[in-house]
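Trainee:
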Amino acid sequence: MILDRDGVLNNLVEYPDGLVAPRSIEDVSIPEDSLSMTRTFRTWGLDLAIASNQPDVARGLLSIEESLNIQRVIETSHGIGTSFVCFHDDKDLCLCRKPRPGMLFSAMGEFKVKPEETLFIGDSWRDAQAAANAGVRPYILGREEAGRDYPSTVEFFSSRGQIVERLRKLTCD
Ligand SMILES: [Zn+2]
């Protein structure tokens, strides 16, 4: 199970430029339903990894040290020990920035699992597309973004609890 970070494992934060990723440790807040989601996945014995775009570092909005501190707090809260983070922006043309699939391939390599045994939980078009580009099924928290083409395999969910219930059905069938 690969998870996006901001908007899935922790709350987005209101800044003048919109709802954004945390820019300091003080910005980090983790919703209870998110903690109970990862707790349930762990009780099912699933391997968990984070795959997160952090372009605000390339944009000069926070230091790499602060970004790593934030990452550590979120990992620790969720009991997740494996993370892949892309600090680049579009102009860097890296292989890791979602919708490119680099971080998902790295995560699957780490756990030696196949795309068809893997699920990606995200909250954006970039997440859905990155998952599809890696051959992984995308579960998206929230609504479809206007003007984007989604892969045919995407499923949308209105809450984290709904994702857990969907998987509970799949695992118990
Ligand atoms: Zn990158």
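In this text, residue positions in the sequence shown follow the working numbering: the first is 7, and each later residue adds one. Glycine included, each C-beta is placed from N, C-alpha and C at the ideal position. Keep in mind the model is a prediction, meaning the values are calculated, not measured.
Give the range of the alpha helix (DSSP H) segment to which Ile70 is assigned.
Mentor: For the purposes of this step, residue 70 is taken as the residue at position 64 of the sequence shown. Looking at the DSSP string, the run of the alpha helix (DSSP H) that includes Ile70 is 70 to 84.
Trainee: Val19 bridges to which residues according to DSSP?
Mentor: Residue 19 sits at position 13 when you count from the first residue of the sequence shown. In the DSSP output, where bridge partners are listed per residue, Val19 has Val26.
Trainee: Name the one or two DSSP bridge partners that Cys92 has.
Mentor: Counted from its first residue, the sequence shown places residue 92 at position 86. Paired residues: Asn59.
Trainee: Could you say which of Glu81, Leu67, Asp98, Ser30 lies nearest to Leu41 if we only look at CA atoms?
Mentor: For the purposes of this step, residue 41 is identified with residue 35 of the sequence shown, where counting begins at 1. The shortest C-alpha separation from Leu41 is found at Glu81.
Trainee: With Leu147 as the anchor, note down where its beta strand (DSSP E) starts and where it stops.
Mentor: Here residue 147 is taken as the residue at index 141 of the sequence shown, counted from 1. Start and end: 143 to 147.
Trainee: For Asp181, which residues does DSSP report across the bridge?
Mentor: Past the boundaries of the shown model lies residue 181; the chain is included only from 7 to 179, so the question cannot be answered.
Trainee: Mind checking which residues open and close the alpha helix (DSSP H) that includes Glu38?
Mentor: Translated into the one-based positions of the sequence shown, residue 38 becomes position 32. It spans 38 to 49 - the alpha helix (DSSP H) in which Glu38 sits, taken as one unbroken run.
Trainee: Give the residues whose C-beta lies closer than 5 Å to at least one heavy atom of ligand 1, in chain order.
Mentor: Going along the chain, the residues that qualify are Cys92, His94, Cys100, Cys102, Arg103.
Trainee: Distance check for Gly153 and Ser89, CA to CA, integer angstroms please.
Mentor: What you label residue 89 is simply residue 83 of the sequence shown in a count that begins at 1. What you label residue 153 is simply residue 147 of the sequence shown in a count that begins at 1. Cα to Cα, the separation comes out at about 30 Å.
Trainee: Which stretch, first to last residue, makes up the beta strand (DSSP E) that contains Glu150?
Mentor: Counting from one through the sequence shown, the residue named residue 150 turns up at place 144. No beta strand (DSSP E) contains Glu150, which DSSP labels as neither H nor E.
Trainee: If distances are taken between C-alpha atoms only, which option among Ile56, Val119, Asp98, Asn139 comes closest to Ser83?
Mentor: On the sequence shown, residue 83 is found 77 positions in, with the first residue counted as 1. Of Ile56, Val119, Asp98, Asn139, the residue nearest in Cα terms is Ile56.
Trainee: Are the beta-carbon atoms of Thr46 and Val142 separated by less than 7 Å?
Mentor: Taking the sequence shown and counting its residues from 1, one reaches residue 46 at position 40. Taking the sequence shown and counting its residues from 1, one reaches residue 142 at position 136. Not a contact, by the Cβ cut-off of 7 Å.
Trainee: Thr124: buried (16+ other C-beta within 10 angstroms of its C-beta) or exposed?
Mentor: On the sequence shown, position 118 is the one that residue 124 refers to. Looking at its Cβ environment, which holds 16 or more other Cβ atoms inside 10 Å, Thr124 is buried.
Trainee: DSSP on Leu99, reduced to helix/strand/coil?
Mentor: Position 93 of the sequence shown, counted from the start, is the residue given in the question as residue 99. It is coil, neither helix nor strand.
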